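Accompanying notes for the structure given below.
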Amino acid sequence: MDLLGILLGGFAAGMVLFVVSVGLSVTMGLMGFVNLAHGGFAMLGGYVIVLAMKGWGLSFFPALAVGFVAIAALSVLLERTLYARLYRASELDQVLFTIGLVFIMISSMTLAIGPETQVLQLPEWLRGQVDLGVIRYRTYSVAMIVFGVALVVALWLGFERTTLGARIRAAVDNRRMAASLGVDVGRLFTVTFAIGSGLAAVGAGLGAEILGLDPQYPLRYLAYFLIVVAVGGLGRVTGVFYAALLIGVLDFVLKIYFPKGGTIFIYALTLILLLWRPQGLFGKRGA
Amino acid sequence: MSGLPAAHAMAARHRLQWWEALPWVAGVAAFFLFPNYLAFGTQVLVTILFALSLDLVLGYAGIVTLGHAAFFGAGAYTVGMLAQHLGWNEPLSGLAAAALVAGTIGLVSGLVLLRTHGLTLLMLTLCTMALLEQAANMGAAWTGGFDGMPGLSFGKILGLFAFDVLYFRSQYLYALVVLFLGFLLVRMLVYSSFGQGLTGVRENLLRMHAVGAPVRARLVIAYTISAALAGVAGALFTQTNAFVNLAVLGLERAAGVLIILILGGYGRLYGAFVGAILYLLLEHTLAKAYPTAWQLGLGLTLVAVALYARNGILGIVDALRRRLAAWSAP
Numbered sequence: 000m001d002l003l004g005i006l007l008g009g010f011a012a013g014m015v016l017f018v019v020s021v022g023l024s025v026t027m028g029l030m031g032f033v034n035l036a037h038g039g040f041a042m043l044g045g046y047v048i049v050l051a052m053k054g055w056g057l058s059f060f061p062a063l064a065v066g067f068v069a070i071a072a073l074s075v076l077l078e079r080t081l082y083a084r085l086y087r088a089s090e091l092d093q094v095l096f097t098i099g100l101v102f103i104m105i106s107s108m109t110l111a112i113g114p115e116t117q118v119l120q121l122p123e124w125l126r127g128q129v130d131l132g133v134i135r136y137r138t139y140s141v142a143m144i145v146f147g148v149a150l151v152v153a154l155w156l157g158f159e160r161t162t163l164g165a166r167i168r169a170a171v172d173n174r175r176m177a178a179s180l181g182v183d184v185g186r187l188f189t190v191t192f193a194i195g196s197g198l199a200a201v202g203a204g205l206g207a208e209i210l211g212l213d214p215q216y217p218l219r220y221l222a223y224f225l226i227v228v229a230v231g232g233l234g235r236v237t238g239v240f241y242a243a244l245l246i247g248v249l250d251f252v253l254k255i256y257f258p259k260g261g262t263i264f265i266y267a268l269t270l271i272l273l274l275w276r277p278q279g280l281f282g283k284r285g286a
Numbered sequence: 000m001s002g003l004p005a006a007h008a009m010a011a012r013h014r015l016q017w018w019e020a021l022p023w024v025a026g027v028a029a030f031f032l033f034p035n036y037l038a039f040g041t042q043v044l045v046t047i048l049f050a051l052s053l054d055l056v057l058g059y060a061g062i063v064t065l066g067h068a069a070f071f072g073a074g075a076y077t078v079g080m081l082a083q084h085l086g087w088n089e090p091l092s093g094l095a096a097a098a099l100v101a102g103t104i105g106l107v108s109g110l111v112l113l114r115t116h117g118l119t120l121l122m123l124t125l126c127t128m129a130l131l132e133q134a135a136n137m138g139a140a141w142t143g144g145f146d147g148m149p150g151l152s153f154g155k156i157l158g159l160f161a162f163d164v165l166y167f168r169s170q171y172l173y174a175l176v177v178l179f180l181g182f183l184l185v186r187m188l189v190y191s192s193f194g195q196g197l198t199g200v201r202e203n204l205l206r207m208h209a210v211g212a213p214v215r216a217r218l219v220i221a222y223t224i225s226a227a228l229a230g231v232a233g234a235l236f237t238q239t240n241a242f243v244n245l246a247v248l249g250l251e252r253a254a255g256v257l258i259i260l261i262l263g264g265y266g267r268l269y270g271a272f273v274g275a276i277l278y279l280l281l282e283h284t285l286a287k288a289y290p291t292a293w294q295l296g297l298g299l300t301l302v303a304v305a306l307y308a309r310n311g312i313l314g315i316v317d318a319l320r321r322r323l324a325a326w327s328a329p
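If you read the sequences in order, they're chains A and B. Per numbering that gives the first Met the number 0, the first sequence starts with residue 0, numbered consecutively. Per numbering that gives the first Met the number 0, the second sequence starts with residue 0, numbered consecutively.
This is the structure we're talking about:
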């Protein structure tokens with residue numbers, strides 16, 4: 000395991016973090032809603048993907064699509080019926096509500112499927128290793144990196160080059176001003192919430208090899224998702240991308256060199272970064 | 000004064016009501032009525048004190064924290080390490096040492112953390128707690144690492160009452176007295192002008208700045224006192240249970256005490272009592288037998304509380320009382 004190999008592993012882990020947390024950053028930036036249940040949507044999506052492949056015999060990509068659609072639909076349903084009531088509520092109520100939601104998701108999955116870890120059946124072409132010229136590496140990790148980069152490019156284009164993206168950026172920067180210019184922020188939020196949750200579902204399914212997948216998933220990685228979002232800055236897609244890579248690589252490297260207490264550095268780093276720039280590394284001051 | 004009902008209400012708020020004696024009467028009565036459940040009772044008392052300390056910052060100062068267990072754990076580990084390594088096992092001075100250590104951590108972290116708010120503050124409190132947890136995990140030579148420190152022993156309380164390993168009788172009364180003193184402190188604080196200032200910060204930060212109130216200083220002082228009190232609760236936990244482990248510092252404990260306080264009703268002193276008793280009773284009876292169903296029920300309750308009963312159980316009681324009063328009045 001030389002340096003390049005370690006870096007690649009870290010990048011792959013970072014990509015998973017990015018795919019799962021990017022939606023959280025955008026929805027938090029839009030509404031200022033503290034959604035601790037985001038990891039819960041990811042976990043449910045991961046289950047849908049894994050079980051669709053195992054139970055219905057779907058192949059990899061259709062299963063990912065099914066996971067995306069199912070979780071996007073579920074999140075729209077919850078957003079319209081429950082989340083929408085709490086937009087004006089205090090942070091504390093939002094925290095309580097979403098923690099409660101996480102508990103419900105965890106326990107219902109434990110009751111319905113069981114507490115054991117779910118294994119993702121990778122398609123043939125993702126197993127084994129691939130020759131990158133300088134190094135042979137796991138095809139799966141390389142594919143994760145390719146997917147993550149493709150996603151960040153697509154999201155960047157979507158944000159910078161489409162009307163929807165322009166509306167989202169406007170609403171993140173100044174919700175009231177955007178609303179008074181005729182942007183339907185509520186509708187916008189529903190759409191981004193659905194896309195964000197769907198992406199989280201795909202991320203959990205894709206990343207099941209790296210992060211694992213069991214009912215405790217949302218709580219185990221809650222701090223990581225939040226750290227990525229807080230460090231990256233609210234509503235900043237590229238910021239979240241860099242933050243996820245940073246945290247992913249650091250976590251991967253530290254777990255190899257300091258298996259006992261590696262995470263302490265991540266928390267310390269987050270503490271220092273947030274004290275230095277409370278709005279996140281890439282967030283706008285005063286946003 | 001006669002023409003100012005609001006001033007009357009303000010002046011009368013801090014007066015002792017007859018029902019305020021009830022928790023303490025019940026606390027003493029429980030000692031005689033349930034001699035076999037005093038270990039559980041002690042746990043309830045410790046949790047009430049912990050929730051009360053959280054109420055000071057969350058309910059009165061409006062600081063939303065996810066990391067209050069940091070101070071509980073700091074106090075718990077302080078008395079544990081003092082007893083284990085230095086042979087300092089005198090309980091009362093142990094409580095003082097725990098308050099000092101936790102209060103210092105609260106002061107230092109409060110000075111830095113309380114400049115932020117919202118998500119950043121949430122994350123910073125969470126990270127502070129995680130740092131302490133990891134430190135306790137890594138410093139195994141001092142803290143016992145993952146296994147903690149089992150089988151601690153503590154001296155007699157006031158040199159008179161030995162800890163009662165079998166029935167928890169002395170532990171229960173000890174915790175009851177400490178809780179009572181802690182409660183008096185918190186009650187005095189929240190009805191003082193200092194406490195009024197805290198409530199002002201919670202309700203309208205801008206206006207408090209505008210009238211020239213020392214907002215930061217007030218918040219930091221409240222945070223420090225609350226941390227010290229949480230430290231005392233943690234120390235009580237270690238002393239009465241005679242062990243300490245990593246669970247005192249975890250997210251689960253921090254989230255648990257938050258849930259307890261919200262269930263009971265925050266910003267109202269007695270919410271901590273109602274919440275802790277109810278939560279621990281349910282946990283004690285349900286969680287062991289049906290852990291998954293317990294978690295499901297807890298989740299449903301939290302969602303319902305956040306959506307429909309933001310002031311907790313005592314808030315519901317208040318609303319019912321008002322409705323009853325309106326109904327019985329002509």
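Each residue gets a CB set at the ideal place from its N, CA and C atoms; glycine is no exception. None of these values were measured; they are calculated from a predicted model.
Check: Any residues in the segment 20 to 52 of chain A with a beta carbon nearer than 8 angstroms to a beta carbon of chain B? Which ones, in chain order?
Finding: MET27, GLY31 and VAL33
Note to self: Just to confirm the assignment, what range does the beta strand (DSSP E) spanning B/ARG215 have?
What the structure shows: Where B/ARG215 is concerned, there is no enclosing beta strand (DSSP E), although the alpha helix (DSSP H) it sits in stretches over 214 to 240.
Note to self: Can you tell me which residues form a DSSP beta bridge with A/PHE17?
What the structure shows: None, per the DSSP bridge assignment.
Check: With which residues is A/TYR136 paired in a DSSP beta bridge?
Finding: Bridge partners of A/TYR136: A/VAL129.
Notebook entry, point to check: Residues bridged to B/PHE160 by DSSP?
Noted result: B/ILE156
Next item on the list: Quick one: using the 10 Å Cβ neighbour count with 16 as the cut-off for buried, is B/GLU19 buried or exposed?
Entry: exposed
Margin query: Quick check: A/ALA193 and A/SER74, are their CB atoms within less than 9 angstroms of each other?
Written below: Result yes, Cβ atoms of A/ALA193 and A/SER74 sit closer than 9 angstroms.
Check: Where do the N-terminal and C-terminal ends of the alpha helix (DSSP H) with B/LEU268 fall, by residue?
Finding: Counting along the chain, B/LEU268 falls outside any alpha helix (DSSP H), and DSSP gives it neither H nor E.
Margin query: Just verifying my parser: in three-state terms, what is the DSSP assignment at B/VAL340?
Written below: An answer regarding residue 340 of chain B cannot be provided, because it is not within the stretch 0 to 329 covered by chain B.
Margin query: Is it buried or exposed, A/PHE251, if we count other Cβ atoms within 10 angstroms and call 16 or more buried?
Written below: buried
Notebook entry, point to check: Should A/ASP130 go down as buried or exposed, given a rule of 16 or more other Cβ atoms within 10 Å for buried?
Noted result: exposed
Check: Of all the residues that make up the segment 250 to 282 of chain A, which are near chain B by a beta-carbon distance shorter than 7 angstroms?
Finding: LYS259, GLY260, THR262, ILE263, TYR266, ALA267, THR269, LEU270, LEU273, LEU274 and PRO277
Item checked: Spatial neighbours of A/GLY238 in its chain, beta-carbon cut-off 7 angstroms, leaving aside the 5 residues before and after -> GLY231, GLY232, GLY279, LEU280, PHE281 and GLY282
Next item on the list: Give me whichever residues DSSP pairs with B/VAL243 in a beta bridge.
Entry: B/MET148
Item checked: Outcome for B/ASN244 when other beta-carbon atoms lying within 10 angstroms are tallied against a minimum of 16 -> buried
Next item on the list: Anything in chain A within Cβ reach of B/MET207, meaning under 7 angstroms, just list it in chain order.
Entry: None at all; the shortest Cβ gap to chain A is about 17 angstroms.
Notebook entry, point to check: Going by other Cβ atoms of all chains shown within 10 Å of its Cβ, with 16 needed for buried, is A/MET30 buried or exposed?
Noted result: Its Cβ being crowded by 16 or more others within 10 Å, A/MET30 is buried.
Check: CB-CB under 8 angstroms to B/ALA254, same chain, minus the five flanking residues each way: which ones, in chain order?
Finding: LEU65
Next item on the list: Express the C-alpha separation of B/ALA140 and B/TRP87 in angstroms, rounding to a whole number.
Entry: 17 angstroms
Notebook entry, point to check: Cα-Cα, which of A/ASN173, A/LEU3, A/LEU272 and A/ALA71 is closest to A/VAL133?
Noted result: A/VAL133 has its Cα closest to that of A/LEU3, out of A/ASN173, A/LEU3, A/LEU272 and A/ALA71.
Notebook entry, point to check: If A/VAL15 and A/GLY206 are in contact, beta carbons under 8 angstroms, what's the gap, nearest whole angstrom?
Noted result: 3 angstroms
Next item on the list: Following the continuous alpha helix (DSSP H) through B/TYR307, name the residue where it begins and the one where it ends.
Entry: Note, B/TYR307: alpha helix (DSSP H), 290 to 307.
Note to self: I need the boundaries of the alpha helix (DSSP H) containing A/ILE48, first residue and last residue.
What the structure shows: 37 to 54
Item checked: the segment 147 to 154 of chain B / the segment 186 to 205 of chain B touching (three or more Cβ pairs under 8 angstroms) -> Remark: fewer than three beta-carbon pairs, one from each stretch, lie closer than 8 angstroms, so the segment 147 to 154 of chain B and the segment 186 to 205 of chain B are not flagged as touching.
Margin query: Output needed in chain order: residues of the segment 243 to 261 of chain B with a Cβ under 8 angstroms from some Cβ in chain A.
Written below: LEU250, ALA254, LEU257, ILE258 and ILE261
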